[in-house]
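Trainee:
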Amino acid sequence: RGAGACGKKHKAYNIVKRAFEIIEERTGKNPLQVLVDAIHYAAPREETTRITYGGITYHVAVDASPARGIDVALMNIAAGAFAASFRNKKPIEECLAEEIILASQYDSKSYAVARKEEIERIAEKAR
Numbered sequence: 002r003g004a005g006a007c008g009k010k011h012k013a014y015n016i017v018k019r020a021f022e023i024i025e026e027r028t029g030k031n032p033l034q035v036l037v038d039a040i041h042y043a044a045p046r047e048e049t050t051r052i053t054y055g056g057i058t059y060h061v062a063v064d065a066s067p068a069r070g071i072d073v074a075l076m077n078i079a080a081g082a083f084a085a086s087f088r089n090k091k092p093i094e095e096c097l098a099e100e101i102i103l104a105s106q107y108d109s110k111s112y113a114v115a116r117k118e119e120i121e122r123i124a125e126k127a128r
């Protein structure tokens with residue numbers, strides 16, 4: 002728990018609430034279904050782990066568990082929204098809504114989808 006995120010649960014709740022309102026306004030769909038689709042498309046199926054044999058470290062491709070995939074997808078969606086709103090006049094709610102909408106459409110402009118493709122590409126080379 003870092004010092005930058007202490008005591009901001011209500012603020013985070015309001016950001017997500019406003020982002021869902023923006024999603025419903027722009028797409029006309031249920032925002033929860035759009036979020037589920039975004040998580041589905043942003044979750045990596047395969048990633049790498051480090052294994053050390055005799056002091057030499059190798060990267061080995063492993064299948065990601067479903068829970069790990071969901072965690073990574075949510076983390077990348079949040080990171081993409083934060084990166085888009087940093088030093089920008091656009092509010093975080095709009096950036097979060099845009100990131101979720103792009104990820105639900107499997108658009109490579111989405112940070113989460115681009116990161117997922119990068120993780121899976123690295124894992125494919127590590128086989």
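For this note's numbering, add 1 to where a residue sits in the sequence shown, where the first one is 1. Ideal Cβ positions, reconstructed from N, Cα and C, are used throughout, including at glycine.
Let me make sure I understand the geometry here. Which of H41, G55 and Y59 has the alpha-carbon closest to that of T49?
Mentor: Locating residue 49 in the sequence shown gives position 48, counting from the first residue. Here the closest residue by C-alpha is Y59.
Trainee: Thinking C-beta only, is I16 closer than 7 Å to E94?
Mentor: The count along the sequence shown starts at 1 and reaches residue 94 at position 93. The count along the sequence shown starts at 1 and reaches residue 16 at position 15. Going by C-beta atoms, E94 is nearer than 7 Å to I16.
Trainee: Label E100 either buried or exposed according to how many other C-beta atoms from any shown protein chain fall within 10 Å of its C-beta, with 16 as the threshold for buried.
Mentor: Within the sequence shown, numbered from 1, the residue matching residue 100 stands at position 99. With 16 or more other Cβ atoms within 10 Å, it is buried.
Trainee: On the criterion of 16 or more Cβ atoms from any shown chain inside 10 Å, does P45 qualify as buried, or is it exposed?
Mentor: The count along the sequence shown starts at 1 and reaches residue 45 at position 44. The residue in question, P45, is buried, as its Cβ has 16 or more Cβ neighbours within 10 Å.
Trainee: Could you compute how far the alpha carbon of A74 sits from the alpha carbon of G55?
Mentor: Mapped onto the sequence shown, residue 74 falls at position 73. Mapped onto the sequence shown, residue 55 falls at position 54. Approximately 34 Å, taken between the alpha carbons.
Trainee: With a Cβ-Cβ cutoff of 7 Å, do Y40 and A98 count as a contact?
Mentor: Mapped onto the sequence shown, residue 40 falls at position 39. Mapped onto the sequence shown, residue 98 falls at position 97. Note on residue identity: the sequence assigns Ile, not Tyr, to residue 40. No, the pair does not count as a contact, with Cβ atoms beyond the cut-off.
Trainee: Taking the DSSP output, what are the residues bridged to E47?
Mentor: Indexing the sequence shown from 1 puts residue 47 at position 46. D64, per the DSSP bridge assignment.
Trainee: Where do the ends of the alpha helix (DSSP H) carrying K18 lie?
Mentor: Indexing the sequence shown from 1 puts residue 18 at position 17. That run of the alpha helix (DSSP H) goes K10 to T28.
Trainee: Tell me where the alpha helix (DSSP H) around A98 begins and ends.
Mentor: Sequence index remark: in the sequence shown, residue 98 carries index 97 (1-based). Run containing A98: I93 to S105, per the alpha helix (DSSP H) assignment.
Trainee: Got a sec, what are the start and stop residues for the alpha helix (DSSP H) K126 sits in?
Mentor: Sequence index remark: in the sequence shown, residue 126 carries index 125 (1-based). Here the alpha helix (DSSP H) through K126 covers Y112 to K126.
Trainee: Just checking, does the segment 100-109 make contact with the segment 65-72 on the three C-beta pairs under 8 Å criterion?
Mentor: Contact between the segment 100-109 and the segment 65-72 is absent, because fewer than three Cβ pairs lie under 8 Å.
Trainee: Rounded C-beta distance between T124 and I78? I'm assuming under 8 Å.
Mentor: On the sequence shown, position 123 is the one that residue 124 refers to. On the sequence shown, position 77 is the one that residue 78 refers to. Contrary to the premise, residue 124 reads as Ala rather than Thr in this sequence. Not really, about 20 Å apart at Cβ, beyond 8 Å.
Trainee: Just to confirm my understanding: we take R19, look at its own chain, exclude 5 residues before and 5 after, and list those with CB closer than 7 Å. What are they?
Mentor: The count along the sequence shown starts at 1 and reaches residue 19 at position 18. E94.
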